[in-house]
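**Student:** All letters in the sequence shown, in the order written, are residues 1 to 332 by the working numbering. Glycine is no exception: its CB is placed at the ideal position from the N, C-alpha and C atoms. Please read these numbers as outputs of a predicted model, since none were measured by experiment.
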Amino acid sequence: MVGAQGAAKRAAALTHRLLAFSRRQTLAPKPTDVNRLVRDMEELIGRTVGPQITVESVAKASLWTTLVDAPQLENALLNLCLNARDAMPDGGRIKIETDNEWLDERSARERDLPPGQYVTMRVSDDGTGMPPDVIERAFDPFFTTKPIGVGTGLGLSMIYGFVRQSGGQVRIHSEVDKGTMVCISLPRHHAEAAVDVPAPQEAPDSSGAGETVLVIDDEPLVRMLVVDVLEDLGYTALEAGDGPQGLKVLRSDVRIDLLITDVGLPNGMNGRQVADAAREIRPELKVLFVTGYAENAVLSNGQLDQGMQVVTKPFDMAALAKRITSMIAGPT
1 MVGAQGAAKR
11 AAALTHRLLA
21 FSRRQTLAPK
31 PTDVNRLVRD
41 MEELIGRTVG
51 PQITVESVAK
61 ASLWTTLVDA
71 PQLENALLNL
81 CLNARDAMPD
91 GGRIKIETDN
101 EWLDERSARE
111 RDLPPGQYVT
121 MRVSDDGTGM
131 PPDVIERAFD
141 PFFTTKPIGV
151 GTGLGLSMIY
161 GFVRQSGGQV
171 RIHSEVDKGT
181 MVCISLPRHH
191 AEAAVDVPAP
201 QEAPDSSGAG
211 ETVLVIDDEP
221 LVRMLVVDVL
231 EDLGYTALEA
241 GDGPQGLKVL
251 RSDVRIDLLI
261 TDVGLPNGMN
271 GRQVADAARE
281 IRPELKVLFV
291 TGYAENAVLS
301 NGQLDQGMQV
311 VTKPFDMAAL
321 AKRITSMIAG
331 PT
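(1) I281 and I216 - do their beta-carbons sit closer together than 9 Å?
(2) Alpha carbon to alpha carbon, how far is R223 from D112? Give it in angstroms, no decimals.
(3) Around the Cβ of P132, are there at least 16 other Cβ atoms within 10 angstroms (buried) or fewer (exposed)?
(4) Given a cut-off of 9 Å, decide if I172 and L73 are closer than it, judged by their beta-carbon atoms.
(5) When you compare the CB positions of P115 and S124, do they come within less than 9 Å of one another, or not?
(6) Could you check the C-alpha separation between A193 and N35 for me, to the nearest Å?
(7) What residue from P220, E175, V176, D140 has the CA that sits closest to Y160's CA?
(8) Below 8 Å, is the gap between the Cβ of E97 and the nearest heavy atom of the ligand ZN?
(9) Just mark W64 as buried or exposed, buried being the case when its beta carbon has 16 or more other beta carbons within 10 Å.
(10) Which term fits E211, buried or exposed, when burial requires 16 or more other beta carbons within 10 angstroms of its beta carbon?
(11) Using C-beta distances below 6 Å, list every residue in its chain close to M269, excluding the 5 sequence neighbours before and after it, in chain order.
(12) Can you tell me which of the three DSSP states P187 falls into?
(13) As a quick exercise: from K30, A318, L156, T66, pick the residue whose alpha carbon is nearest that of E136.
(14) For R85, which of K95, L77, I53, I324 has the nearest alpha-carbon?
(15) Would you say E110 lies against chain C (beta-carbon separation less than 9 Å)?
(16) From G174 to T120, what distance separates their C-alpha atoms?
(17) In the DSSP assignment, find the alpha helix (DSSP H) that holds G246 and state where it starts and stops.
(18) Please state if the CB of E219 and the CB of D262 are separated by a distance shorter than 9 Å.
(19) Nearest-angstrom Cα distance between L186 and D228?
(20) By DSSP's criteria, M181 is part of a beta bridge. Which residues make up the other side?
(21) Out of L214, T128, H189, state which residue places its alpha-carbon closest to the alpha-carbon of G179.
(22) In this structure, what does DSSP give as the bridge partners for V119?
(23) Which residues in the same chain have their Cβ closer than 7 Å to the Cβ of E42, if we skip the five residues on either side of it in sequence?
(24) Between the Cα of G234 and those of I324, D276, V68, spot the shortest distance and give me the residue it belongs to.
(25) So, under 8 Å CB-CB, A275 and V287 are touching, yes? Tell me the CB distance rounded to an integer number of Å.
(26) Tell me, which residues are paired with M308 by DSSP?
(27) Pop quiz: V170 and L214 are said to be a contact at Cβ under 8 Å. What is the actual Cβ separation, rounded to whole angstroms?
(28) Cα-Cα, which of H189, V226, M130 is closest to A319?
(29) Would you mind working out which of T98, P89, E284, L37 sits nearest D177, comparing C-alpha positions?
(30) Which same chain residues end up closer than 6 Å to E97 when comparing Cβ atoms and leaving out the 5 residues on each side of it in sequence?
(31) Bridge partners for D262 per DSSP, in chain order?
Below is the structure:
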């Protein structure tokens, strides 16, 4: 259980970083073993991209250390894998490779970097690929090829900014119908990689007694992490990626004790609309809104309806667990 709690803490930290990803933050670079970072992310990446995608890692033996903000590099890696997943709607392969690289004067000049030694991390896919005009704009803030409401366009621009701030460079190689490779180069650092030693964590109470919670969120990673918290607490968790999918579950005869829904949902229904429709079907349903917006986005006539509460992103997973437990145990 302590191991599960440690995983939950790591997941909570990653969630916090993801939810705050569009905000520029001060970097906290440390000597980092990129091979270890990739290895530690493999399970999370595999679960996030789904079973249709095969994830392969090829680690360079004796990889050099680099000085980088490891959580931000985790963000970058996860975002690149999510982009690769989206480029392969029918499934495919993602390959993550690491390498050591020497750049001479000419190579460094071509990449707009000082000559020297670099650690590289490459993420490639065999998806739809990008034409040259899209590659040229890929790092522009808010540029996205995804439909309205599906992507912010911040991913690659934030990765570019973070890597440049770290003294490195990002390059994209892509061919239409053949796939894409994104290469991150970071300067070598002549020091041993730092090792984080997690503090002992108190095991969470298992509170569930057969209750079922429906989680509606269009971001698979956030949905997965909330489901992990619910299952650690002993609850049964059901998932939906948008409002219409969630309403299908709510219209069934499945027991639902609590609805947890993101407010900013795609496909024509926001979280408030889903909750209102759910209350028509199940008048006593308890609802917990998860929102990055101001609370008035989910308020009705200036206040939340009875049995409804709101938690604002980014949130601590332990606090979320307490809120869930108290809502399920409390009155409607």
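**Tutor:** Put simply:
(1) Here residue 216 is taken as the residue at index 216 of the sequence shown, counted from 1. Here residue 281 is taken as the residue at index 281 of the sequence shown, counted from 1. No, these two residues do not count as a Cβ contact at 9 Å.
(2) If you number the sequence shown from 1, residue 112 lands on position 112. If you number the sequence shown from 1, residue 223 lands on position 223. Rounded to whole angstroms, D112 and R223 show a C-alpha spacing of 39 Å.
(3) The count along the sequence shown starts at 1 and reaches residue 132 at position 132. P132 is exposed by the Cβ-count criterion.
(4) Locating residue 73 in the sequence shown gives position 73, where the first residue counts as 1. Locating residue 172 in the sequence shown gives position 172, where the first residue counts as 1. Not closer than 9 Å, so no.
(5) If you number the sequence shown from 1, residue 115 lands on position 115. If you number the sequence shown from 1, residue 124 lands on position 124. Inclusion of P115 and S124 in the CB contact set at 9 Å is not warranted, their separation being larger than that value.
(6) The residue you call residue 193 lines up with position 193 of the sequence shown. The residue you call residue 35 lines up with position 35 of the sequence shown. The alpha-carbon separation between A193 and N35 amounts to approximately 11 Å.
(7) Against the sequence shown, residue 160 aligns to sequence position 160. When only C-alpha atoms are compared, the closest one is D140.
(8) Absent from the structure shown: the ligand ZN. Ligands present: none.
(9) Residue 64 sits at position 64 when you count from the first residue of the sequence shown. So W64 ends up on the buried side.
(10) What you label residue 211 is simply residue 211 of the sequence shown in a count that begins at 1. Classification of E211: buried, given that the 10 Å Cβ count is 16 or more.
(11) Taking the first residue of the sequence shown as position 1, residue 269 is located at position 269. Excluding positions up to five away in sequence, the list reads G243.
(12) To locate residue 187, count along the sequence shown from 1; it is residue 187. Under the three-state reduction of DSSP output, P187 falls in the strand class.
(13) By one-based count along the sequence shown, residue 136 stands at place 136. For E136, the closest alpha carbon among the candidates K30, A318, L156, T66 is that of L156.
(14) Translated into the one-based positions of the sequence shown, residue 85 becomes position 85. Put simply, of K95, L77, I53, I324 the residue whose alpha carbon is nearest the alpha carbon of R85 is I53.
(15) No chain C appears in the structure shown, which is made up of a single protein chain.
(16) For the purposes of this step, residue 174 is taken as residue 174 along the sequence shown, with counting starting at 1. For the purposes of this step, residue 120 is taken as residue 120 along the sequence shown, with counting starting at 1. What sits at residue 174 in the sequence shown is Ser, not Gly. Near 17 Å, if we compare the C-alpha coordinates of T120 and S174.
(17) Locating residue 246 in the sequence shown gives position 246, counting from the first residue. Boundaries of the alpha helix (DSSP H) around G246: 243–250.
(18) For the purposes of this step, residue 262 is identified with residue 262 of the sequence shown, where counting begins at 1. For the purposes of this step, residue 219 is identified with residue 219 of the sequence shown, where counting begins at 1. The answer is yes: Cβ separation under 9 Å.
(19) Sequence index remark: in the sequence shown, residue 186 carries index 186 (1-based). Sequence index remark: in the sequence shown, residue 228 carries index 228 (1-based). About 33 Å.
(20) Locating residue 181 in the sequence shown gives position 181, where the first residue counts as 1. Partner residues in the beta bridge of M181, as assigned by DSSP, are S124, H173.
(21) As a first step, residue 179 must be located in the sequence shown, where it is residue number 179. The candidate whose alpha carbon is nearest that of G179 is T128.
(22) Your numbering for residue 119 matches position 119 in the sequence shown. According to DSSP, residue pairing for V119 in a beta bridge involves N100, L186.
(23) Your numbering for residue 42 matches position 42 in the sequence shown. Cβ contact annotation for E42 (same chain, cutoff 7 Å, sequence separation greater than five): V55, S57, in chain order.
(24) Working through the sequence shown from its first residue, we reach residue 234 at position 234. Per the Cα distances, I324.
(25) For this step, residue 275 is matched to residue 275 along the sequence shown. For this step, residue 287 is matched to residue 287 along the sequence shown. Rounded, the Cβ-Cβ distance is 5 Å, consistent with contact.
(26) The sequence position of residue 308 within the sequence shown is 308, counting from 1. M308 pairs with V287.
(27) Here the question's residue 170 lines up with position 170 in the sequence shown. Here the question's residue 214 lines up with position 214 in the sequence shown. With a beta-carbon spacing of about 39 Å, V170 and L214 fall beyond the 8 Å limit used to define contacts.
(28) In the sequence shown, the residue the question calls residue 319 occupies position 319. Checking every option, the nearest Cα to that of A319 belongs to V226.
(29) To locate residue 177, count along the sequence shown from 1; it is residue 177. Nearest of T98, P89, E284, L37 to D177, Cα basis: P89.
(30) Taking the first residue of the sequence shown as position 1, residue 97 is located at position 97. Same-chain partners within the cutoff: V58, R122.
(31) The residue labelled residue 262 in the question sits at position 262 within the sequence shown. In the DSSP output, where bridge partners are listed per residue, D262 has V290.
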